[in-house]
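In the numbering used here, the protein residues as written are 12 to 234. Just so it is clear, CB atoms sit at the ideal spot from N, CA and C, and this is done for glycine as well. Model, not experiment: these values are computed from the prediction. One structure is given here, and the rest of the page talks about it.
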Amino acid sequence: MVSTSLGVLQSDLIKFKPLLPLDFPCVLNMYVHKTWKVLSIYQFDMAVYTKIFVKFPKKFWPEGKGREFFLYVSSRRGYYGVWQEFEAQYPDANVLLVTVTDKESRRIEQQSDNQTKAEIMEVLRSMFPGEDVPDATDILVPRWWSDRFYKGTFSNWPIGVNRYEYDQLRAPVGRVYFTGEHTSEHYNGYVHGAYLSGIDSADILINCAQKSMCKYHVQGKYD
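Next up, the structure:
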């Protein structure tokens with residue numbers, strides 16, 4: 012049972028012997044027939060979604076009802092745009108969260124935390140020009156994309172990909188079974204999707220081992 016992330020499957024971290032895929036007789040085109048599993052893996056995206064936590068010695072941002080979130084508008088796409096404060100959840104924690112994604116996530120992961128902190132301080136002082144904005148005392152920058160055991164944050168269904176490709180992504184190859192949030196039918200991208208897909212994949216494997224119900228059906232793309 013392979014439960015690694017889609018990003019890992021798209022990398023060269025795991026070597027399959029024999030190589031993926033094995034024959035899949037319901038696919039007619041000879042090229043697709045020989046490459047269906049690899050194609051299904053690469054037809055899905057591995058998104059990068061980074062939540063950066065920054066701690067300060069004091070609060071300088073607005074609080075109260077309707078002020079949990081605030082935005083920064085930049086001419087640079089995705090540049091430290093979405094902010095959240097946690098006073099209701101963690102009183103006096105003095106922590107802000109800023110969310111970045113995709114290209115900005117990859118860029119930030121490749122620079123030092125001090126560089127990221129300096130960029131954040133410049134943005135915050137631009138957002139609150141009339142406030143005494145102190146330097147941050149701590150910062151947490153997750154690096155899901157750089158981690159070879161994740162290579163991203165969660166899977167994403169691109170436009171044009173439908174249930175057919177999903178069934179192929181989830182389908183076993185011989186005695187090799189696949190699970191993870193990217194194989195969850197209803198909750199891909201979420202932790203509970205990973206949990207539920209584990210149960211589904213285990214049921215498929217158990218039915219094969221105990222009841223000889225090993226055939227995995229993939230409907231046609233336009234059925």
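Per DSSP, what kind of secondary structure is residue i in: helix, strand or coil?
| i | result |
| --- | --- |
| leucine 82 | strand |
| valine 152 | coil |
| tyrosine 53 | helix |
| glutamine 121 | coil |
| tyrosine 227 | coil |
| tyrosine 188 | coil |
| isoleucine 170 | coil |
| valine 144 | coil |
| lysine 28 | coil |
| glutamate 133 | helix |
| threonine 112 | strand |
| alanine 205 | helix |
| glutamate 196 | coil |
| tyrosine 177 | helix |
| lysine 222 | helix |
For residue i versus residue j, is the C-beta spacing smaller than 8 Å?
| i | j | result |
| --- | --- | --- |
| threonine 164 | tyrosine 60 | yes |
| leucine 20 | isoleucine 52 | yes |
| tyrosine 188 | methionine 12 | yes |
| isoleucine 131 | valine 65 | yes |
| phenylalanine 80 | glutamine 95 | yes |
| lysine 128 | isoleucine 150 | yes |
| serine 208 | glycine 191 | yes |
| valine 109 | valine 93 | yes |
| threonine 112 | glycine 89 | yes |
| tryptophan 156 | serine 116 | yes |
| glutamine 54 | valine 152 | no |
Looking only at its chain, what residues have a beta carbon closer than 8 Å to the beta carbon of residue i, apart from the 5 residues adjacent to it on each side?
| i | result |
| --- | --- |
| proline 68 | Asn105, Pro145, Thr148 |
| arginine 159 | Val19, Ser22, Leu24 |
| alanine 10 | Residue 10 lies beyond the residue range present for the chain, which begins at 12 and ends at 234; the question has no answer from this structure. |
Who are the Cβ neighbours of residue i in its own chain at under 7 Å, not counting the five residues just before and after it?
| i | result |
| --- | --- |
| arginine 154 | Glu120 |
| valine 134 | Tyr83, Tyr91 |
| glutamine 221 | none |
Tell me whether residue i is buried or exposed, calling it buried when 16 or more other Cβ atoms sit within 10 Å of its Cβ.
| i | result |
| --- | --- |
| proline 183 | buried |
| histidine 203 | exposed |
| tyrosine 30 | Inspection of the sequence shows that residue 30 is occupied by leucine rather than by tyrosine. So leucine 30 counts as exposed. |
| alanine 205 | buried |
| lysine 162 | buried |
| serine 195 | buried |
| arginine 78 | exposed |
| isoleucine 210 | exposed |
| isoleucine 215 | buried |
Within a Cβ cutoff of 6 Å, which residues of the same chain sit near residue i, ignoring the five residues on either side of it in sequence?
| i | result |
| --- | --- |
| aspartate 56 | Asn167, Pro169 |
| arginine 136 | Val144 |
| asparagine 235 | Shown here, the chain extends from 12 to 234; a query on residue 235 therefore has no answer. |
| histidine 193 | Leu17, Ser166, Asn199 |
> Pairing CB atoms from the segment 165-182 with CB atoms from the segment 195-211, are three or more of them under 8 Å?
Replying inline: At 8 Å Cβ cutoff, the stretches touch.
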